[in-house]
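Engineer:
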Amino acid sequence: MKWLDRLIEGRTRDLAQRSSRRSFLARVGTVVAGSAATLPLLPVARAQDEGSVPESGDPHSCDYWRYCATDGFLCSCCGGSASSCPPGTEMSPITWIGTCLNPVDNTNYIISYNDCCGKSACGHCMCTRNEGDRPIYRPQLNNEYNWCLGTQHQTYNCSVARVIGKAFD
Amino acid sequence: MKKLLPFLLALLLLVMGTAMAQLQPEPMGKIETLPEKWPAHWVLAHDVSFSRVMDGRTIVLDLDEENPARAYKGMMNNSFAAFMAQATTRPEIYFASIYYSRGTRGERIDVLEIYDKQTLSPIGEVVLEVPRAILLPQRFTMQLTRDESLVLLYNFTPAMSVSVVDPVARELRGEVPTPGCAAVFPTGERGFSSVCADGTLYTVQLDADGQPASTSRSAQFFDAGVDPLIEKAAWHAGKAWFPTFMGQLQPVDFTGDQPVIGEAWSMIDEETTGWRPGGLAPAAADADGRVYMLAHPEGREGSHRDPGMEVWVFDPDQQQRVDRYELAMPGLGVSLTRDREAPLLVVLNVEMALDVYDARTGELRKTVANFGAETPLLVYGAE
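Each protein sequence line maps, in turn, to chains A and B. Per this note's numbering, the first sequence starts with residue 10, numbered consecutively. Per this note's numbering, the second sequence starts with residue 10, numbered consecutively.
1. Have a look at the DSSP bridge pairing and note the partners of Q147 of chain B.
2. Within a Cβ cutoff of 7 Å, which residues of the same chain sit near T160 of chain A, ignoring the five residues on either side of it in sequence?
3. Give the residues of chain A in contact with V388 of chain B, contact being defined as C-beta atoms less than 7 Å apart.
4. Relative to the C-alpha of F263 of chain B, which candidate in B:V185, B:P140, B:E198 has its C-alpha closest?
5. Which residues in the same chain as H162 of chain A place their Cβ atom closer than 8 Å to its Cβ, once the five residues preceding and following it in sequence are excluded?
6. If you reduce the DSSP assignment to three classes, tell me which class C205 of chain B lands in.
7. Any idea what DSSP makes of C190 of chain B, helix, strand or coil?
8. From V261 of chain B to A242 of chain B, what does the alpha carbon distance come to, in whole angstroms?
9. What residues in the region 209 to 243 of chain B have a beta carbon less than 8 Å from any beta carbon of chain A?
10. Which class does T137 of chain A belong to by DSSP, given the choice of helix, strand or coil?
11. Could you round the C-beta distance between Y146 of chain A and E240 of chain B to whole angstroms and report it? I think they count as a contact, below 8 Å.
12. Report the start-end ranges of each beta strand (DSSP E) in the region 85 to 142 of chain A that is 3 residues or longer and not cut off at the edges.
13. Exposed or buried, which one is N76 of chain B when buried takes at least 16 other CB atoms within 10 Å?
14. Any idea which residues DSSP pairs Y81 of chain B with across the strands?
15. If I120 of chain A sits next to V172 of chain A, beta carbons under 8 Å apart, how far is it from one beta carbon to the other, in whole angstroms?
16. Assign W47 of chain B to one of three DSSP states: helix, strand, or coil.
17. Runs of 3 residues minimum, wholly inside the region 90 to 132 of chain B: which ones carry the beta strand (DSSP E) assignment?
18. Quick one: which unbroken beta strand (DSSP E) runs of 3-plus residues sit fully inside the region 223 to 266 of chain B? Chain order, please.
19. Can you name the residues that DSSP bridges to C71 of chain A?
20. Would you list the one or two residues that DSSP bridges to F82 of chain A?
21. Along the chain, where does the beta strand (DSSP E) that runs through V177 of chain B open and close?
22. Could you check how far apart the C-beta atoms of L162 of chain B and T154 of chain B are, in whole angstroms? I think they sit under 8 Å.
23. Quick check: P144 of chain A and P237 of chain B, are their CB atoms within less than 8 Å of each other?
24. At a Cβ threshold of 8 Å, is D124 of chain A touching chain B?
25. For my contact list, V365 of chain B and V377 of chain B are in at a C-beta cut-off of 8 Å; report their separation, rounded to the angstrom.
26. Drop a sphere of 10 angstroms on the beta-carbon of R79 of chain B, count the other beta-carbons inside from all chains shown, and report buried for 16 or more, exposed for fewer.
27. In the region 328 to 379 of chain B, which residue ranges form an unbroken beta strand (DSSP E) of at least 3 residues, counting only runs that do not cross its ends?
28. Can you list the residues of chain B that H162 of chain A reaches, using a CB-CB cut of under 9 Å?
29. Can you tell me which of B:F59, B:D232, B:K126, B:A222 puts its alpha carbon nearest to the alpha carbon of E392 of chain B?
30. Does F82 of chain A pass the burial test, meaning 16 or more other C-beta atoms within 10 Å, or should it be called exposed?
31. From the DSSP secondary-structure annotation, give me the bridge partner or partners of A142 of chain B.
32. Work out the CA separation of T282 of chain B and P96 of chain A for me, nearest whole Å.
33. If we cut at 8 Å on Cβ distances, does Y146 of chain A have a partner in chain B?
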């Protein structure tokens with residue numbers, strides 16, 4: 010349930026830290042992708058096979074590129090990954106989407122922020138980034154809704170960020 | 010001396026026993042109650058308990074009480090980011106809760122719970138047949154009609170609709186589809202409007218049985234693709250003031266059967282270039298119709314729910330900002346007490362405490378913290 014902007018810490022301080030980290034990671038990622046792209050400098054393997062998404066950054070961190078429009082607990086910190094749900098949960102088939110810029114290939118990708126449902130909130134790695142979020146009357150672009158829809162239970166545990174395609178620029 | 014010790018102890022016990030026998034025991038089973046009409050400076054802190062969402066609670070606080078321990082007047086339970094609304098003509102508070110038969114799993118039941126303000130106990134309920142929306146709590150997901158004969162609840166399944174409940178007869182009256190339109194704004198005596206993705210308002214007037222009597226759609230008055238209207242409006246006496254992402258203020262008068270859409274104007278001036286409204290509950294109005302708005306500098310795409318660094322006070326009739334209050338701590342939500350004499354501005358700060366300001370001057374009066382709430386995301390002034 011992609012709600013709740015900030016729980017404990019001052020948002021401004023957090024944002025400032027994140028902005029600098031993000032731009033740093035973007036620079037590093039670009040350098041890595043532009044060179045041999047084989048050195049494991051960053052936590053994620055940079056899959057460069059045809060048809061896969063070039064990667065950089067840490068999916069356990071809120072500044073990971075795919076999380077640009079997320080608002081909730083990161084499944085990668087809850088027993089799942091950036092694209093898989095934790096054990097014993099159920100992935101919602103209905104979701105909201107965002108468009109995030111991949112710093113490695115400087116390409117926009119469509120991200121599906123499926124919720125993992127059936128257990129109460131993970132409570133780990135809260136991440137709120139509302140880029141592209143729109144009000145509740147445009148639900149497909151809204152992250153305030155609990156998107157545990159079409160699942161057996163609506164209890165919200167965490168959110169994944171699945172790449173489902175490249176965006177048409 | 011050792012031989013004397015048992016004797017002395019026995020004597021001591023005898024004396025104590027006599028004293029206890031003379032003491033009138035305090036009554037067993039005494040339960041406090043609250044007044045039917047709550048004082049103006051009482052508020053309800055609606056704690057959706059974000060990480061334990063099936064265990065929500067709404068805490069009644071007296072902001073005039075200097076002793077923090079005594080400020081806590083009582084609590085009501087509710088569940089799963091419950092919707093909340095207060096009646097003014099009956100001493101009742103409504104929650105729309107969701108429960109599962111096995112806590113976080115099992116059979117789901119959606120229910121409108123009716124609480125008595127004096128006992129803080131549930132006195133009735135209506136089972137809702139349509140699942141209500143589950144989302145970050147906001148005020149316009151559940152409202153009473155202006156005549157207080159019906160309760161209106163916003164549903165999202167993801168089909169959008171409104172459930173109509175008679176809280177007096179305690180009966181579900183039906184479901185009104187609102188395709189492409191969200192939230193409920195009481196309109197006229199017994200109707201509502203919803204905000205639509207195409208930049209219009211969809212209005213439904215209901216008959217005495219809670220059935221749709223007429224529907225209408227306004228002209229387009231905003232473009233969600235350019236400058237989205239934020240549905241978390243300031244509201245007073247049937248009039249609403251909606252902020253937009255870019256800092257416009259859009260007045261709408263909902264007192265008649267058809268909403269009257271006023272002229273939007275900018276809250277941003279030369280002094281505040283780059284600022285934008287934002288937060289979870291960014292706007293509220295006082296009993297004189299002044300609008301209080303959370304605002305943050307360096308606004309950008311995605312900052313529309315960022316905490317505010319200041320609260321701006323507007324006279325919407327004059328289309329003028331009349332004050333700027335710098336906040337002691339960034340705020341996520343604003344609310345007002347109902348009185349005209351000395352209204353209090355309550356700001357939910359980023360540490361989930363309540364900063365209480367003098368609404369007339371912006372002076373920080375106190376901070377209410379550590380009162381048993383985890384995430385009191387909405388604060389309501391007592392009606």
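For every residue, glycine included, the Cβ atom is placed at its ideal position computed from N, Cα and C.
Structural biologist: In this structure, then:
1. Paired residue(s): none; Q147 of chain B is not in a bridge.
2. E99, S101, C126, G127
3. What V388 of chain B touches in chain A: nothing, since even the nearest Cβ is about 15 Å away.
4. B:E198
5. E99, C126, G127
6. strand
7. strand
8. 10 Å
9. A233, P237, L238, I239, E240
10. strand
11. 7 Å
12. 106 to 111, 116 to 121, 124 to 126, 135 to 137
13. exposed
14. B:L70
15. 6 Å
16. coil
17. 92 to 95, 101 to 109, 117 to 125
18. 243 to 245, 248 to 252, 257 to 262
19. None; C71 of chain A has no bridge partner.
20. A:M135
21. Here V177 of chain B belongs to no beta strand (DSSP E), and DSSP marks it neither H nor E.
22. Actually they are not in contact, since the Cβ atoms of L162 of chain B and T154 of chain B sit about 12 Å apart, beyond 8 Å.
23. yes
24. no
25. 7 Å
26. exposed
27. 329 to 345, 353 to 358, 363 to 367, 373 to 377
28. Y109, T113, R114, G115, R117
29. B:K126
30. buried
31. Beta-bridge pairing links A142 of chain B to no other residue.
32. 48 Å
33. yes
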